[in-house]
Each structure stands twice: as C-alpha cells, then as structure tokens.
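Worksheet for the structure shown next.
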Amino acid sequence: MGKRITDKVTWVGKVDWELKKFHGDEFSTHRGSSYNSYLIRDKKTVLIDTVWLPYDKEFVNKLKKEIDLREIDYIVANHGEVDHSGALSALMREIPGTPIYCTANAVKSLRGQYHEDWNFVTVKTGDTLEIGDSTLTFIEAPMLHWPDTMFTYMSGENILFSNDGFGQHYASESLYNDTVDAGELMAEAIKYYANILSPFSPMVTRKIKEILGMNLPLAMICPSHGVIWKENPAQIVEKYLEWAADYQENQVSIVYDTMWNATRKMAEAIADGIREADPSVTVKLFSASKTDKTDIVTEVFRSRAVLMGSPTVNNGYLYAIAGILELIRGAKLKKKKAAAFGSYGWSGEAVKLMNEELTKAGFELVDDGFRTTWAPDNEALEKLREYGSAFAAKL
Numbered sequence: 005m006g007k008r009i010t011d012k013v014t015w016v017g018k019v020d021w022e023l024k025k026f027h028g029d030e031f032s033t034h035r036g037s038s039y040n041s042y043l044i045r046d047k048k049t050v051l052i053d054t055v056w057l058p059y060d061k062e063f064v065n066k067l068k069k070e071i072d073l074r075e076i077d078y079i080v081a082n083h084g085e086v087d088h089s090g091a092l093s094a095l096m097r098e099i100p101g102t103p104i105y106c107t108a109n110a111v112k113s114l115r116g117q118y119h120e121d122w123n124f125v126t127v128k129t130g131d132t133l134e135i136g137d138s139t140l141t142f143i144e145a146p147m148l149h150w151p152d153t154m155f156t157y158m159s160g161e162n163i164l165f166s167n168d169g170f171g172q173h174y175a176s177e178s179l180y181n182d183t184v185d186a187g188e189l190m191a192e193a194i195k196y197y198a199n200i201l202s203p204f205s206p207m208v209t210r211k212i213k214e215i216l217g218m219n220l221p222l223a224m225i226c227p228s229h230g231v232i233w234k235e236n237p238a239q240i241v242e243k244y245l246e247w248a249a250d251y252q253e254n255q256v257s258i259v260y261d262t263m264w265n266a267t268r269k270m271a272e273a274i275a276d277g278i279r280e281a282d283p284s285v286t287v288k289l290f291s292a293s294k295t296d297k298t299d300i301v302t303e304v305f306r307s308r309a310v311l312m313g314s315p316t317v318n319n320g321y322l323y324a325i326a327g328i329l330e331l332i333r334g335a336k337l338k339k340k341k342a343a344a345f346g347s348y349g350w351s352g353e354a355v356k357l358m359n360e361e362l363t364k365a366g367f368e369l370v371d372d373g374f375r376t377t378w379a380p381d382n383e384a385l386e387k388l389r390e391y392g393s394a395f396a397a398k399l
C-alpha cells in the first residue's frame, strides 16, 4: 500500500534495498535506492512518474490496491528515463488513452524507448493543470539531467516534485529527511550531485534562481530517488547552489594505480609531504583499481586539488586511471588544481599523458609532475615528500 504524505498526496513508489549498481555499472548504490511515484487525489486524480522497469508489474498491482486505475485522470512524466518511466507500458495497457503530460523532449525519449504513440500532452514552463483545489505548474528543467526533464509544482500542498533534482540513491523505510541519518543522507546527496548533475552546474544555478524568482511557497521537495525533503527543504536547495558554484573543500585527493607498489609508495610519500607542509589540509589516497569509481569522483568533486599517479605501461598509463580521467573529464569540474606522478622503467610517458588529460578535463596544472625510475629509494622518497610540500604551497 502507499504511504500518505498529505491528505491529497500518497507515495506509491518502490524501495530497492538490493540495488548496488545503477546506470549499468556506472554508479554505485551502497545504500540502495528508491523509485518514487506520487498519487495526487483532488477533484482530479494525477499520477506523478512511475518506477523502474523490473518492478512494473509489481507497481501496477500495488497501485490497483490503492485506487481503481480508471480513476486516474492524468499522468505526469517528469523525465523519460526508464527508472522513472519503466512501468508506463504496463500501466497504459490497463488505462490506454490516459493523457500523459510531459515536455516535447520527453515525447521523443518515451517514444524512442517504448515505441508507443500514447496520448501525449506537451507542456512548457508556466503551463498549468487545474485539478481542483490545487493547480499543477510545470517547470522545464533541461539537462537536470536529461533534455526532457521537468519539475511539477503543486499549489495548496506547496510541493515541488523535482524528479532527479535534489535526489539521492538512498533506501529507507522512512519517507522523510528528518527521520534518517543526516550524515548518510547528505553523503548520498553530494555523491548524486557529483556524479549525475555536476556537468550541468551552470544550468542548475540558473534553474534554481528561476524557481526562486517565482516566489513559490515550499513545504516539501519530493524527488524521484531517496527521501523527501520535509524538514527545512530549503537546505538542499542551498546545498545545490553551493555545489554548483565551483565547489571545493580543503582537501587534496591522490588517485593512483600501481603494478609493483612503486607508484603506491610515491603516493604515500607525496601525501606525507602535503600533510607536513599544511596540517589543515585533508589528504585522501585512493587506489583507482580497488576503490569504487563513483566514490572517487565524489572525492575529486570535493577537492581543491588532485594528484593522479600511474606507472608507464605500454607507453601509457594503467586502464583504471584512464577510466577515472574519463569520468572526471565528463564531470566538467572547474577551478581545481592538479598534477601527475609515476614510476617507469625505460620510457616514462605516463606523467606527460596524464597531465594532458587533466588539462583537457579543466584542471589547472601546478607543475610538470614528478617521475622516478623503478622503485623509489630513500633518496627518491625524500624528494617526493619535498615535492608534496611544494605542491601544498602552490595551492
């Protein structure tokens, strides 16, 4: 059965405790997730989004226990991605012809994925749907995080149904932000932002300022993943504005991979040098081949600067480092500093190539990096500590 949010709104989604990977293998979901769908009952009945495709039949069967499906007057599809639209096919087989309100781009994505010509009603920012005592106002939010995305605001209840905006991959039996572990929640929220929304930070800032300019009273933010922001919902809006503004903490992340531990020893010595030069800086080391890549991207997002390390292999660098470099390039981070380091036996191109990729990713190189041959001896380790100190001074 659903869970009542207000007298008019019921959560009818799915909590997925078993989910550990999302977007294929791209995003780790250590704490599971949820696919939030909302049923509005006013003079008209509206369903906001559905759930992920593997749960389509379960969703429809549970929805039948909540309401006679023929009573649903409208469906709102805030975003066409299958984790939100996956149950539409099963639902529309039950209630064909029901109008689906969405953006013009969502019509393209839904038709492209399901190859059905449903009864689409296209909307744009400012369009409204009167449903009784309340009015739904549609707000296009392109690239937050697909071109088809929109938010839906419900007057009277003062709820913003924000789809992927302000969400988290976080499973909980409780619906609300003030009933879960605040530290866990914010960790998942920043991880979600860093890996999903950070490439679109300029659009995030513009869209939030646009919505704030509409002067809409806000009692709750109901995203399509994770918990509902009920207690002080403005806090996550403020965090998004902060994260979108070239965010950084007083942190340096050292990301490396290694074959025979030479590059690992280099990373540890550089870290010692940074800490000695500036004890206030948080220094974190991550093995690119052993640490979850989504978590690494999150830590890079939080950092002032990044050091990337790899030995030279076949005139290049190790593939785990290549993957991280590609992910952080896609994140489009700004105003962060970087350098590369690594050991080599006879050719030594890795540092130069990593520096080139860091530059392409938008990082400011503080120097040419550090190379050493074979395994670093005591003299080389001391030079690496000195390099770490000098790196800290350049920040």
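Residues in the sequence shown are numbered consecutively from 5, following my numbering. The C-beta atom is built at its ideal place from N, Cα and C for all residues, glycine as well. Just so you know, these numbers come straight off a predicted model, no measurement behind them.
Rounded to a whole number of angstroms, what is the C-alpha to C-alpha distance between residue i and residue j?
i	j	result
R375	G366	22 Å
I215	E242	13 Å
A309	L399	8 Å
R97	S138	28 Å
E134	D20	33 Å
N236	M147	26 Å
E22	G36	6 Å
A94	K356	53 Å
D53	G17	9 Å
P400	E272	The displayed coordinates of the chain run from 5 to 399. Any statement about residue 400 would go beyond what the structure contains.
A343	Y180	42 Å
S166	K387	51 Å
N361	F305	A small correction: the amino acid at residue 361 is Glu; Asn does not occupy that position in the sequence shown. Roughly 17 Å separates the two Cα atoms.
K112	T302	32 Å
I300	L43	37 Å
F345	E330	18 Å
K364	L337	11 Å
A384	D296	30 Å
L289	V259	6 Å
L164	T14	14 Å
G277	R268	14 Å
K66	D182	27 Å
N199	L140	30 Å
T10	W264	59 Å
E75	V86	24 Å
T286	A394	16 Å
L92	D72	16 Å
M158	F170	17 Å
G334	Y348	28 Å
If residue i sits next to residue j, beta carbons under 8 Å apart, how far is it from one beta carbon to the other, in whole angstroms?
i	j	result
H83	T153	5 Å
E57	G90	For clarity, residue 57 is Leu in the given sequence; the question names Glu instead. With 8 Å as the limit, L57 and G90 qualify as a contact, their Cβ atoms being about 3 Å apart.
S307	S257	4 Å
T49	D77	5 Å
L114	A145	That belief does not hold up - the Cβ atoms of L114 and A145 are roughly 17 Å apart, past 8 Å.
I194	W247	7 Å
P103	V127	Between V127 and P103 the Cβ distance is about 11 Å, and since that is not below 8 Å, they are no contact.
P315	A266	6 Å
H173	F26	6 Å
A186	A281	Going by Cβ atoms, the distance from A186 to A281 rounds to 33 Å, so no, they are not a contact pair.
K12	D46	6 Å
D476	S293	Since the first residue of the chain shown is 5 and the last is 399, residue 476 is not available in this structure.
Could you give the residue range of the alpha helix (DSSP H) that holds residue i?
i	result
D4	This structure leaves residue 4 out entirely; the chain is present only between 5 and 399.
L399	Neither: L399 is in no alpha helix (DSSP H) and is coded neither H nor E.
Y323	Y323 to A335
F367	Per DSSP, F367 belongs to no alpha helix (DSSP H) and is neither H nor E.
M270	A266 to A281
R115	A108 to Y118
R306	K297 to R306
Return the first residue and the last residue of the beta strand (DSSP E) that residue i is part of.
i	result
A342	K341 to Y348
G171	Counting along the chain, G171 falls outside any beta strand (DSSP E), and DSSP gives it neither H nor E.
V125	F124 to T126
L67	Run containing L67: none in the beta strand (DSSP E); it sits in the alpha helix (DSSP H), D60 to E70.
R375	F374 to T377
S291	T286 to S291
Return the bridge partner residues of residue i from the DSSP annotation.
i	result
Y39	K18
E134	T139
K25	S32
M96	Per DSSP, none; premise fails for M96.
I52	Y42 and V80
I163	M158 and M224
G313	Y260 and F345
G320	V317
R8	T14
E144	M154
Y105	V80 and V125
Given 6 Å as the limit, tell me if residue i has its C-beta closer than that to any heavy atom belonging to the ligand FMN.
i	result
R74	Within the structure as shown, the ligand FMN is missing, as the structure has no ligands at all.
### Whole alpha helix (DSSP H) elements within the region 173-261, 4-residue minimum
186-196, 205-217 and 238-248
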